[in-house]
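Residue numbers (our numbering): 10 to 458. Take a look at the structure below.
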C-alpha cells in the first residue's frame with residue numbers, strides 16, 4: 010500500500026506550509042530518510058524527509074503551493090501500484106449530469122459539508138454553493154470532479170458563464186498584486202499554462218526597460234547582491250509583523266555590577282568544565298525562563314482573533330549566520346539550570362552557524378531574545394517574531410553615571426527594550442514583567458535556584 014506524504018507540523022503555531030521545492034520528481038526512487046522536499050514555515054526553510062522507501066508515485070501539491078497541516082501532498086510506493094482513490098480522475102466517475110447542477114435534498118451549512126481542499130477552492134473561484142453539489146467521493150465527500158461537472162453544466166449558457174480563473178502559483182499572485190500586474194494578460198509557462206514566478210518577473214523587468222530614460226535619473230548599481238532563502242523569508246515575515254502587529258516598547262536601564270562580577274568569577278570554571286564561554290546572554294536567558302511563567306501574556310501568541318498562552322517557555326535566540334538571521338529555540342527553558350542553558354545555547358548557536366540545524370532546533374518558540382551588545386550597540390528596538398507577543402532586546406554593558414548614596418558614580422549598566430504586541434498585552438503587563446526581571450538581575454545569585 011502506498012505511503013502518504015503529508016504536510017508536517019513543525020512548530021506550535023504552524024497551521025500551514027508552503028512548498029519551496031521538491032528535491033525528488035515523480036518516478037524517482039527514494040530511500041526512507043532521504044531529503045524529499047523543502048517547505049517554508051516559521052521563519053526558516055526546512056527539509057522534509059521521505060517517510061518510506063520506494064518510488065515517488067505522485068506529487069499532489071506543486072512548488073509554491075501553500076497547504077494546511079496533515080494534507081496529503083504526495084505518495085511513495087511501488088512502481089505501478091494503484092493509489093488510494095484520488096481527487097482527480099476517479100476510475101468510476103459518476104455520469105455527466107444534466108445541465109442543472111445536482112441539488113442536495115437538504116441544505117447543509119458549508120462548514121459541515123465534506124469537501125476536499127481543491128474542490129473548496131474551485132467552488133470559491135466560481136461562486137458555487139457547496140450545499141447544492143452532490144459529492145461522489147468517499148462517504149459523499151465533494152471532490153474536484155464534482156465541482157468541474159457543475160462548471161461544465163453552467164457553461165450551457167456561454168454568455169452568462171464566468172470567465173475561467175487564471176491559473177497561477179501563490180508566489181506569482183503575490184508578485185502580481187505587489188506590482189499591479191493583471192494576471193489575465195500574462196502568458197503562463199508552467200504546467201498546463203500555469204503562471205509561475207518567472208512569468209511575473211519577466212513582466213516586471215520589461216516594465217523597467219520600457220520606462221522613458223528622461224523620466225528618471227539612472228543610478229547604476231556597483232553590484233547586485235542576491236539574497237538567501239532565509240533572508241528572503243526574514244524580510245517578508247518582518248514586514249508582515251511590523252505592518253500587522255501594533256508594537257509598543259518599554260525601556261529600562263539597570264546597574265549590573267554584581268552580574269559583571271559574578272560572570273568574571275564563573276568564567277574560568279565554565280570554560281574548564283564545558284569548554285564554552287559564559288556570556289551575559291546565558292544569564293538573561295535564565296532570568297527570562299524564571300520570569301515568564303508568572304507573566305503568561307508575554308509568553309503567548311495572537312492567532313485568528315484569539316490569544317494563545319503556553320505553559321512551556323521555549324526561548325528563541327537570534328543568531329547571525331552567513332545565510333541570514335536564524336532564531337534557534339531552547340525548549341522548556343523553565344526546567345533548565347543555568348549550566349544546561351549554557352550548553353543548549355552553545356550547541357544551538359554552532360548548529361545555526363554551520364547550517365546543520367534540525368526542524369526542532371528552530372521551531373516552536375514562544376518568546377524571543379536578541380542581543381547586539383557584543384557589537385557595541387547601546388540599545389535598539391526589535392521587531393516582533395510573529396506570531397509571538399513579545400521580544401526582548403539587550404544592548405552593551407557600558408559604564409554610565411548613576412546615583413549611589415547621594416553621590417554620582419560610574420557603574421556598569423545594561424539597557425533592555427521590550428517590544429509587545431498591544432493586541433495581546435498592555436503596558437502594565439510589560440512593566441510588571443520588567444520589574445520582576447530586574448529583581449533577578451539585581452541579585453544574580455538567585456539564577457542558580
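C-beta atoms are modelled at their ideal positions from N, C-alpha and C, and glycine is treated no differently. These numbers were taken from a predicted model, which means no experiment stands behind them.
For residue 71, DSSP records no beta bridge to any residue. With 16 or more other Cβ atoms inside 10 Å of its own Cβ, residue 27 counts as buried.
Secondary-structure assignment with DSSP links residue 420 through a beta bridge to 409. Assigned with DSSP and collapsed to three states, residue 277 falls in helix. Scanning 154, 456, 208 for the CA closest to the CA of residue 348 turns up 456.
Contact between the stretch 399-411 and the stretch 422-430 is present, with at least three C-beta pairs closer than 8 angstroms. With a cutoff of 8 angstroms on beta-carbon distance, residue 32 and residue 55 are scored as not near each other. Runs of alpha helix (DSSP H) with 4 or more residues, each lying fully within the stretch 199-267, are found at 206-219, 238-253, listed in chain order. In the pairwise beta carbon analysis, the stretch 56-63 is classified as not touching the stretch 71-80: fewer than three pairs are separated by under 8 angstroms. Out of 135, 375, 452, the CA that lies nearest to the CA of residue 309 is found in 375. Contact between residue 208 and residue 196 is confirmed by a C-beta separation of about 7 angstroms, below the 8 angstroms threshold.
Per DSSP, reduced to three states, the secondary structure at residue 196 is coil, with no helix or strand assignment. Excluding sequence positions up to five before and after residue 387, its CB lies within less than 8 angstroms of the CB of 404, 405, 407, 424, all in the same chain and listed in chain order. Look at residue 269 here: in three-state DSSP terms it is helix.
Contact check for residue 338 and residue 433: beta-carbon distance about 20 angstroms, past the 8 angstroms limit, so the pair fails to qualify.
Look at residue 143 here: in three-state DSSP terms it is coil, with no helix or strand label.
When the Cα atoms are used, residue 240 and residue 153 turn out to be separated by approximately 37 angstroms. Here the alpha carbon of residue 445 sits roughly 55 angstroms from the alpha carbon of residue 175. For the pair of segments examined, the stretch 365-383 was found to touch the stretch 322-336: the number of CB pairs separated by less than 8 angstroms reaches three.
Annotated three-state conformation of residue 305 is helix, per DSSP.
Residue 417 and residue 409 have their C-alpha atoms some 10 angstroms from each other. Residue environment: residue 41 is assigned as exposed (fewer than 16 neighbouring CB atoms within 10 Å of its CB, all protein chains considered). If you look at residue 315, you'll find it isn't in any alpha helix (DSSP H); it sits in the beta strand (DSSP E) that goes 315-318. Between residue 203 and residue 162, the C-beta gap is not smaller than 8 angstroms, which leaves the two residues out of contact.
Each residue's CA atom was taken as its position, placing residue 330 and residue 237 some 11 angstroms apart.
Around the beta carbon of residue 282, a 10 Å sphere encloses fewer than 16 other beta carbons of the protein chains shown; the residue is thus reported as exposed.
In this chain, residue 134 is not harboured by any beta strand (DSSP E); it is covered by the alpha helix (DSSP H) spanning 126-134. Your pair residue 149 and residue 123 checks out as a contact, with CB atoms roughly 6 angstroms apart and the cut at 8 angstroms. The C-beta distance from residue 393 to residue 254 rounds to 5 angstroms, short enough to fall under 8 angstroms. Distance between residue 314 and residue 232, taken at the CA atoms: about 44 angstroms.
In this structure, DSSP gives residue 334 an extended state, which the three-state scheme calls strand. Runs of beta strand (DSSP E) with 3 or more residues, each lying fully within the stretch 375-400, are found at 376-380, listed in chain order. The C-alpha of residue 16 is placed about 19 angstroms away from the C-alpha of residue 10.
Burial is judged here by how many other beta carbons sit within 10 angstroms of a residue's own beta carbon; residue 299 has at least 16 and is buried.
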